[in-house]
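Asks:
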Amino acid sequence: MSNRVLVVDDEAAIRNFLVRVLQLGGYEVTAAGDGREALEKLEGAAFDVLLTDIKMDRLDGVELLHLAKERYPDLAVILLTGHATVPSAIAALRQGAHDYLLKPAKNEDILAAVESALTDRARQQRRDRLEQIAAQFIDVVQPEMQTVAQATKSPIAYGDLTFDVGGFRASLRGQALDLTLTEFRLLLELARAPGETIGYVALVQSACGYTCSRHEAREIIGAHVLNLRKKLGIEPDSALYIESVRGVGYRLIPQTE
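FYI, our numbering numbers position 156 of the sequence shown as 137, with every residue one higher than the one before it.
As structure tokens, this is what we get:
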């Protein structure tokens, strides 16, 4: 089943352009001419991503973001603006926007932003489900959970990588790695999902503990990945490598026999 995207813009030409780009990208797209109409569409059907202009007469994009996230917390929201400023971007991100794009946005940037939003959304949903399952087990089998909690103090191994989570230490093939706290968290996040692409924004949240735009996250994480590659001493033709997935994020290529 195709992922569903709701496009909101009060300019018909821009709205139709966005719809066409996303349809060609394989998405199921619904359009709305303003914020009020968008809320009606959201009430009538489930959507994965909301792509909305900021400046609109009837309920602007930031107000729509606020209302949509209150009612549909899992909805990924991307803002479009023709007048980007740092304060407005920060305000939007703090209210829950996944990303923002400057108009006129390129086709590839639009598709990359939506794909990144979907990737991070799916990852968060998986985490939420696991947390719910864990909570149920804690309530039902408390003694067993205490045993599990004790076991987590032991080193955790992912292939040739070993992590001492409590001590924030890691080793590769038995050799200790000299990592910063951010590098440790980044490597651990990648190692927990070997072969799986993790978006820039999600990596910043896990490694650095804060939220920023996809463009900012790409630059921040890129610098840390470069340092990690040097410290791990692994190359693209090695069995273990941090691979860049252009426009989306990074993944750790696991070691194979």
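Virtual Cβ for every residue (Gly too), placed ideally from N, Cα, C.
1) Please state if the CB of Val(-11) and the CB of Gly16 are separated by a distance shorter than 9 angstroms.
2) Determine the DSSP secondary structure at Arg52, reduced to helix, strand or coil.
3) Taking C-alpha atoms, which residue in Leu32, Glu(-8), Glu96 lies nearest to Thr11?
4) With DSSP as the reference, please indicate the residues paired to Gln156 in a beta bridge.
5) With H, G and I counted as helix, E and B as strand and the rest as coil, what does DSSP make of Ser194?
6) By DSSP's criteria, Thr62 is part of a beta bridge. Which residues make up the other side?
7) Are the beta-carbon atoms belonging to Ala19 and Ala13 less than 9 angstroms from one another?
8) Kindly identify the DSSP beta-bridge partner or partners of Leu3.
9) How far does the alpha helix (DSSP H) with Val10 in it reach, from first residue to last?
10) I need the DSSP call for Ile202, collapsed to helix, strand or coil.
11) What are the boundary residues of the alpha helix (DSSP H) that includes Gly16?
12) Please determine, among Asp80, Pro54, Leu56, Ala86, the residue with the shortest C-alpha to C-alpha distance to Gln(-5).
13) May I have the straight-line CA-CA distance separating Gln156 from Ser187, to the nearest angstrom?
14) Considering only C-alpha positions, which residue in the set Leu(-13), Leu171, Ala78 is nearest to Val206?
15) Note the first and the last residue of the continuous beta strand (DSSP E) segment covering Glu224.
16) What's the gap between the Cα of Phe(-2) and the Cα of Leu92?
17) Would a C-beta distance cut-off of 9 angstroms place Asp34 and Leu61 closer than the cut-off?
18) Following the continuous beta strand (DSSP E) through Thr161, name the residue where it begins and the one where it ends.
19) Take Lys22 and list the residues in its own chain whose beta-carbon comes closer than 8 angstroms to its own, dropping the five residues that flank it on each side.
20) Say whether the region 188 to 203 touches the region 140 to 147, bearing in mind that this needs 3 or more beta-carbon pairs closer than 8 angstroms, one atom from each stretch.
Replies: On the basis of the supplied data:
1) In this structure, Gly16 places its C-beta atom within 9 angstroms of the C-beta atom of Val(-11).
2) In the structure shown, Arg52 sits in a helix (DSSP, three-state: H, G or I).
3) Among Leu32, Glu(-8), Glu96, the Cα nearest to that of Thr11 belongs to Leu32.
4) Per the DSSP secondary-structure output, Gln156 pairs in a beta bridge with Leu153.
5) In the structure shown, Ser194 sits in coil (DSSP, three-state: anything other than H, G, I, E or B).
6) DSSP, once it has assigned bridges, lists Leu83 as partnering Thr62.
7) A contact, by the Cβ cut-off of 9 angstroms.
8) None; Leu3 has no bridge partner.
9) Looking at the DSSP string, Val10 is not in any alpha helix (DSSP H); the run it does join, the beta strand (DSSP E), is 9 to 13.
10) If DSSP states are grouped into helix, strand and coil, Ile202 belongs with the helices.
11) Per DSSP, Gly16 belongs to the alpha helix (DSSP H) from 16 to 25.
12) The displayed chain sequence assigns Ile, not Gln, to residue -5. Cα-wise, what sits closest to Ile(-5) is Ala86.
13) Counting only the Cα atoms, Ser187 lies some 24 angstroms from Gln156.
14) Among Leu(-13), Leu171, Ala78, the Cα nearest to that of Val206 is on Leu171.
15) If you look at Glu224, you'll find it in the beta strand (DSSP E) that goes 222 to 226.
16) Spanning the two alpha carbons is a distance of roughly 13 angstroms.
17) Taking C-beta atoms as the reference points, Asp34 and Leu61 count as a pair closer than 9 angstroms.
18) According to the DSSP assignment, Thr161 belongs to no beta strand (DSSP E), since it is labelled neither H nor E.
19) Answer for Lys22: Leu(-13), Thr11, Ala13, Phe28, listed in chain order.
20) Fewer than three beta-carbon pairs drawn from the region 188 to 203 and the region 140 to 147 are found closer than 8 angstroms, and the two stretches are therefore not classed as touching.
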